[in-house]
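Notes follow once the structure below has been shown.
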Amino acid sequence: MTAPAPTTPRPAPPGNPAGSRSPALQRSLSRSLPRSLGAVLKLFWTGQRNHLLLGAALAAFTVLAGIALLGLSGWFITATAIAGLSAATALAFDVFAPSAGIRFLALTRTAARYGERLVTHDATFAVLAALRERAFRGWAQPGAARRLLLRPARLLFRLTSDIDALDSLYLRILVPAAAALGAALAAGVSLGLVNGWFGLLAGLWLLLAGLGVPALAARRALTPSRRRSSGLETLRQRIIDLTAGQTDLVMTGRMAAAQAGLAAADARLADADNALNRIEARVTAAFSVATALLLTAALLTVAALAESGAIGAPVAAMAVLVALAALEPFAALRRGAMELGRALLAVGRLAPRLVDQSAAPVRQAPADDQVVATLRQVSVRHPGAARPVFADVDLTVGAGERIAIIGASGAGKSTLLALLAGELEATTGEVRNRPASLLTQRTELFQDSWRGNLQLAAPQANDATLMAALTAASLDDVIRGRSTGAMTSPLDAPLGEGGAGLSGGQGRRLALARLLLRDAPLWLLDEPTEALDAATARDVLGCAARLAEGRAVVIATHLRREADLADRLLVMNHGRLTAEARRGEPAFDVLLAGLRPD
Amino acid sequence: MRGNPWPAETGGAPAPLQQRETMTATGRVASAADDAAAAFPAAVAADRFAARQLAVGAAPARQPARKRQHGREDRDAARKAALIQAAATLIWLPQAALIAWAIGGLAHGAPASAMLAPAAGVLGLGLLRAALDALGVRQAFRGARPTLTARRRAACEAIAARSPLDMNRVASGEAAAIVGEQAEAVQAWLSRFQPARMKASIVPLVILACVVPFSWVAGLILLVAAPLIPLFMALIGWRAKAASEAQLVEMGAMNAFLLDRLRGLATIRTLGAVEATATRLRANAETVRRKTMAVLRIAFLSSAVLELFSALGVALVAVYIGFHLLGQLPFGAWGGKLTLAQGLFILLLAPAFFDPLRELSAVWHDKAAGEAAMAALDRLSTPDTAGEALPLPGARQPETPADAAASPFPMGPPLEISLPAGPLAVAAHDLGFRYPGATAHALPEAFSIDIAAGERVALLGPSGDGKSTLLALLAGLAAPQHGVIAIGGQPLNDANVAGLRQRMAWIGQQPHIFTGALEANVSLGRPAPDVGASARQALRWANLADVAANRGGAIIGEGGVGLSGGEALRLALARAAFNHNAGLVLADEPTAHLDRATASAVTESLLDLAEGRTLIVATHDPELAARMDRTIRLAATDAPEERT
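Laid out in C-alpha cells, this is it:
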C-alpha cells in the first residue's frame, strides 16, 4: 500500500494552519461551553419536554424489559429443572405465570421499542425544526448577517455540519444515557432484593463503569474531534483550490505540490481518525472487561449466597443473567461518546446564534421631510485594519433624488450602500435615513413560488397587488406563460434555486417588482446590470427608472449606462467622496464620458 | 477478476448530490429506511465481488495493477477484522458453557469453592474477549482508512488530469462535497458495515451448530425465527422504504431551505422579511415532520419485527426448555432429556444468536451512505463512459525534477529542455480543435500562427470565437486534435509541456484566489531566493500594496473575505510577475468586467510585464488591442491581420 502522504515537507500552496487557536481563545471557549450547552439544552427542553422525557422513559423501559426477560427466563429454566426432578413437584409447579410473564415481556419489549423510536424521532424532528428556525434568526441579526455575507462558503458549510452534529446530542447521547441509567437502577434494585450489598455494589459498578468509561472517552475525544472537524474544513478548502485553481496551479508548476498538500490534509485527518479509533477500541475493551468482572463477581456472590442457603439455584440463575444483561445498554453509549466532542464543538459555535440578541439600533429618520438620508462625517474602519475603508463622508440624499456613486472597485461604493441599508454601522459619525431597500448585485431569488418570492416584500399583499407589480415590471407575459393549470393561480408556479428558469434580465425585473412591493422611499441599487448584455441592461434600467418614480435612488456603478440614470454623480476614491457633478453641469458629461461604455 | 475490492452494488447509478445532503442532514434519524433496507436478505449472504475495471483517467498501465493490489489488501484487512470480531463474539460460547454448568452445579448443591474455577474461566475468557474486541476495532480501522486515502487521491488525480477546458469537469463545490465530506462514509462502511455483515453470516451459524446437538427443537426455533426476520422486514419494509426515502429527501430539503434563505439573507433583511421567513421555515419543518412521522410509523414496524422475533425467539426457547425440563414437552432432545446446565447453555446462546443481526441493522445506514460515496468517487475517478473527457497534457508527468524524485511511480524525470533565454517565439501550424461532443470546430480551419520572440500580439474577436481556446492550447491546457505548436522552437507535447510552462506566465480571466494570505497567493509556493521579498515586490508592482496593507496576513479565498474583480486581476498580474524566468506572457481577456480606470492600469502593467518577453493577449477590448504590435482577428475564416 502506498501512502501518499509526503515524507518531505514541500512548500504547499497557501493554506491556513487548520485549527490553530490561541490558548487564550481555547480557554475562553471551554469556559463558555457550559453556558452554550445550557442554551442548546434549553432549546431542546422548552419545546419538547414531554416528548423528550417520554422517549427516554420508553428507551429505559425497553432495556428493563430486556433485562427482565433474560432474568425471568433463567429463573424459570432453573426452577423447572429442579421441579422436574420428581413427578410430584413437576405437577405442582405453576408454569402459567412465569411463561406468560416471559411472553408478556417479549411483547412489551417490542412495543416499547417501537414506541421509543417513534417518540424519540418525533422529538428530534421537532428540535431540529426549532434549531433551524433559531439559527436562521440568529444569523439574520445585523452583525452576524454581515459576517455571513463576507464569507458565506465557510460559514454555511459550518452551519449545516454543526446542525447535523447536534442531531446526535439527543438520539445518540441523551437517550442511551437515560436507558443505561435505568438499567443500572433496575439491576441494582433487583439484585438488591437478592442481597442488599450485592445490589448496591453492582449498581454502583454499573454506574461507575457504564457512565464513567463513556464520559472519560468523550473527554479524551474532544481534542481529536476538533482536529477532525478543522481537518475536514482544510481538506475541503484544498479540494476547492485544486479544482477551481487548476489552471493557476498547472501554469505555475504547483499542481504536484497542491496534490501533496491535499494528501497532507488527508493524513492529518487520518491521524485524528486514528486517535478517535484508538479511544473507541479502548472503550470497547473497557466494557468487555467491566462485563467480565461483573459476571465473575455475580457468579462468586451467588455461589456464596447459595452455600449459606440464603438463595436457591433459580434466584442465582436470575441474578447472573440480570448482571449479564445490565451492561449491554451501556455499549450503545460508545458511538455517542465518540460524537460528543463534535457535538460540543457545534454547541460552542451555534449557541451564540441561538440566544436572543439585542435588536439592532433603530435608525433615526432625518429631521427634514424633503431628505431621505444624511451622512455626517461618517467613517468605517474594519476591526484590525490599518486604515478606514470609508472616511469622513458627508452626504445628503433628497427625496426623489437620483444619485450614482462611481469609482474604481474597492473605492467604498458597497460600503456606502451597506451603511444606508443598515447592514453596517458607522465607526464614527452619524447616519440617518428613512427605510431603504437594497437591490443586491446578484439577483437573489428563492426556491419558492412566484407568490412566495414576491410576498417576502409584502406578506399581506393579495394576488391583484402582486400581479400589478409584475405588470409594472413587464413580467405579466412571462408569468401568464407559466400557468400551471386552470384552477391554480400562475403565481403558484415554482421558481428554482437562484431563480432558475428565468433569464438574467427577467430575474432582475422580478427583483425590482419585489422592491416595488416593499414601497420604501429610498432604493439602493448595487451595480444593477452587471453581467447583462447591452440590450437586456437597457431594458432593465428602463424598468428600474419607471418603477423608482417618486423615490430617491442611489446606484453604485462603474458603467456609463447605469450612471446615466442619475441626476447627480458622486466620485468615490479610497473611501472618500472626491468629486461631484449635477446633470446639466459640464463636469457631469465629463465624468459620464470617463465611464466604461457597454 | 477477484482483486477488485468494490462490491457489485457500487456499480449502480450514482446517487445525486441531493440525496447525499439528505444523508448528512438526517443520517442519524434515517434509521427507518435503514431498517427497511436491512430487509434484503441478499445483503447478509452476498459476499460476491464484481469484476469491474477501474481505470483512472489516462493512467499508465501500471496504475490498475497498483489498485488491484490495494483492493486485495483492503479486502484481506476487512476479512481479518471481521474474523477477529467474530472470534471475540464467539468467546461467549465457552463463557456461557462455564456459567451454565456452574449454575447446574449449584442446583445440585455443589459447594461455593466449586465456583472458583468457572468464575476464573469466565474472567480469563472475558479479558481475552476484551483484547480481541479492541483488536477488532483497530484492525477494521487500519484496513479501511488507507482505502479512503487511496480513493481520495485517485479522485483528485483524476480531477487534476482533466483539462480546464473540459466542460464536463466537476465543479469545485461538488468535488469538495464528494471528496471531502461524502467520502468519509467510505470508512464507516468498510470498518463497521463490512465486519458486521461477515459476523452476521458466521456467528449465528456457529451458535446454531452448538445448539442443535443438544436440542433440535431449540435449534428449529432459532432457525425459523432468523430467516423470518428478513422476510417480514421485507414484506413490511419494501413499500415503506420507498416512501421513507422520498420523505427523507424532504427532510434534507429542510437544510436546503435554510441554506437557500441564508444565501439570500441580504435581500430578506432589506425587505424586512426576517420574521416572515423564520415563521415560514418553522411551518415548513413542522409539515415535513408530520408527513415524515406518518411514514415512519410504518417504516419502524420493520425494526419492531426484528425486535419481536429476537425477543420471541428467546422467549420461546426459554418456555420450551422450561416445559421440557418439567417433562411436559419430552421431545426435542434427540430422545433424551436436557439437563439444567444444557438448558441454561441454550438459553444463554439464544440472545447471542440474534445480536449480530441487530448489529447489522444498526449499521445499515453506513452501507447506503458508503456505497453512495463510493459511486460518487467512482464517477469522479473514471472518465466519462462516452470517452469524451478532455485530458490535460502532461498531467501524469512530473512538474519538476524534485517531483520526479519524490514520485512513487517510476516515471522519467522531466525532459531537460533547451530554450533560449529571454523572449520565446510561438509557432502553431494547421491547428484543429473541437470540444468533445461538439460538432463545430472551436478554431478557424487549419489555423496557423507565427509570433516572433518579443512580439506583442492581440487576438481580437467577439467572445466565443476561439481566442481563449487558442490561448489555452498555446499554454498546453488541452491538446489540439491535429497540428503542432512550438514554443521557443520546442514542440509542445506531453513530455515537455511542464518544462515549457515554467517559461510561461499566465493571466487568466478569473484567477482563482487560494485560501491563504495575499503574499502566499502570489508565490503559490514557488521557489525563489527570498520568497517573501519577491512576493511583496510583485504586489507593489501590481498596485496591490494598499490591499496588502489593509488585509495584513488575513486569510483570503474560500475560507476568507474575497477580492474585488479588479484586485483579483492585479493578483494574477503579480503572480505572473513573480516568475522572472518567463519568456512568454499569455493573458486571457484581462480587462473584461473592469471599470475604465482599473482596465487602463491593468493594460499598463501588462505592457510593463511584457518588456523583454513575448506577449499574447486574447481580448475584445479595442483600447487594449490598439496598444499591441499586431492584432490577429479570429472571427472569419480568412483571418485578416493588421499591423499597428
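In the order they appear, the protein sequences are chains A and H.
Numbering follows our numbering, with no gaps: position 211 of the first sequence is 370.
Numbering follows our numbering, with no gaps: position 270 of the second sequence is 348.
We put the beta carbon where it would ideally sit given N, CA and C, even for glycine.
Length of the line joining the Cα atoms of residue i and residue j
i: A/G233; j: H/T417; result: 14 Å
i: A/A345; j: A/A216; result: 13 Å
i: H/R614; j: H/A655; result: 11 Å
i: A/D635; j: A/L629; result: 6 Å
i: A/H717; j: H/G643; result: 12 Å
i: H/L497; j: H/G567; result: 8 Å
i: A/L435; j: H/T348; result: 45 Å
i: A/A469; j: A/S349; result: 15 Å
i: H/L39; j: H/A263; result: Not covered by the structure: residue 39 of chain H. The range shown for chain H is 79 to 722.
i: A/R262; j: A/R272; result: 15 Å
i: A/D651; j: A/Q665; result: 17 Å
i: A/L363; j: A/G351; result: 12 Å
i: A/R617; j: A/V539; result: According to the sequence provided, residue 617 of chain A is Ala. The question's Arg does not apply to it. Rounded to the nearest angstrom, the two C-alpha atoms are 32 Å apart.
i: A/R386; j: A/A431; result: 6 Å
i: H/V383; j: H/R341; result: 44 Å
Where residue i falls, given that 16 or more other Cβ within 10 Å makes a residue buried
i: H/S546; result: buried
i: A/E102; result: Residue 102 of chain A lies beyond the range of chain A shown here (160 to 757); nothing can be said about it.
i: H/T709; result: buried
i: H/W267; result: buried
i: H/V248; result: buried
i: A/A171; result: Annotation note: pLDDT 42 at A/A171 (below 50); position unreliable, coordinate value reported separately. Result: buried.
i: H/G214; result: buried
i: A/Q619; result: exposed
i: A/M731; result: buried
i: H/H569; result: It should be pointed out that residue 569 of chain H corresponds to Pro in this sequence rather than to His. Exposed.
i: A/L280; result: First, the amino acid is wrong: residue 280 of chain A is His here, not Leu. The residue is buried, with at least 16 neighbouring Cβ atoms inside 10 Å.
Neighbouring residues, chain D, relative to residue i (Cβ below 7 Å)
i: A/A285; result: Protein chains in the displayed structure are A and H, and chain D is not among them.
Paired residues, beta bridge with residue i - DSSP
i: A/I565; result: A/T716 and A/V730
i: A/V556; result: A/A532
i: A/S538; result: A/T587
i: H/L276; result: Looking at the sequence shown, residue 276 of chain H is not Leu but Met. In the DSSP output, where bridge partners are listed per residue, H/M276 has none listed.
i: H/D666; result: H/A696
i: A/D607; result: A/L654
i: H/F431; result: Answer is none; H/F431 lacks a bridge partner.
i: H/V535; result: H/I694 and H/R708
i: H/P469; result: H/R240
i: A/R755; result: A/L718
i: H/D568; result: With the sequence shown as reference, residue 568 of chain H is identified as Gln, and Asp is not the correct amino acid for it. BP columns for H/Q568 point to H/I565.
Opening and closing residue of the beta strand (DSSP E) in which residue i lies
i: H/F292; result: Note, H/F292: premise wrong, no beta strand (DSSP E); not H, not E.
i: A/I470; result: Neither: A/I470 is in no beta strand (DSSP E) and is coded neither H nor E.
i: H/G510; result: V504 to G510
i: A/D685; result: L681 to D685
i: H/A565; result: The displayed chain sequence assigns Ile, not Ala, to residue 565 of chain H. Where H/I565 is concerned, the enclosing beta strand (DSSP E) stretches over H560 to I565.
i: H/F525; result: F525 to I529
i: H/W584; result: M582 to I585
i: A/S596; result: A595 to L598
Start-to-end residues for the alpha helix (DSSP H) that takes in residue i
i: A/D636; result: D635 to R639
i: A/A735; result: As written in the sequence, residue 735 of chain A is Arg, which differs from the Ala given in the question. Premise fails: A/R735 lies in the beta strand (DSSP E), R735 to R741, not in any alpha helix (DSSP H).
**OP:** Using a Cβ-Cβ cut-off of less than 7 Å, list which residues of the region 398–425 of chain H approach chain A; keep chain order.
**Re:** Hits within the stretch, in order: I399, G400, F401, L403, L404, G405, L418, G421, L422 and L425.
Original post:
Going along the chain, which residues of the region 302–323 of chain A sit with their C-beta nearer than 8 Å to a C-beta in chain H?
Top reply: Residues are counted here when their Cβ sits less than 8 Å from a Cβ of chain H; for the region 302–323 of chain A these are A304, L307, L308, L309, R310, P311, A312, R313, L315, L318, T319, S320, I322 and D323, given in chain order.
Original post:
Residues in the region 570–582 of chain H with C-beta within 8 Å of chain A's C-beta atoms, listed in sequence order?
Top reply: Residues passing the 8 Å Cβ filter: A576, R579, Q580 and M582.
Subject >> Chain-ordered residues of the region 212–224 of chain H with a beta carbon less than 9 Å from chain A >> reply: Residues A212, L213, G214, V215, R216, A218, F219, R220, R223 and P224.
Original post:
Going along the chain, which residues of the region 402–417 of chain A sit with their C-beta nearer than 9 Å to a C-beta in chain H?
Top reply: T402, A403, G404, Q405, T406, D407, L408, V409, M410, T411, G412, R413, M414, A415, A416 and A417: these are the residues of the region 402–417 of chain A whose beta carbon lies less than 9 Å from some beta carbon of chain H, given in chain order.
**OP:** Compile a chain-ordered list of the residues in the region 447–461 of chain A whose CB is closer than 8 Å to at least one CB of chain H.
**Re:** Flagged, chain order: S447, V448, T450, A451, L452, L454, T455, L458, L459 and V461.
Original post:
Given a limit of 8 Å on CB to CB distance, which residues of the region 426–438 of chain A reach chain H?
Top reply: Cβ contacts with chain H: A426, A429, D432, N433, N436 and R437.
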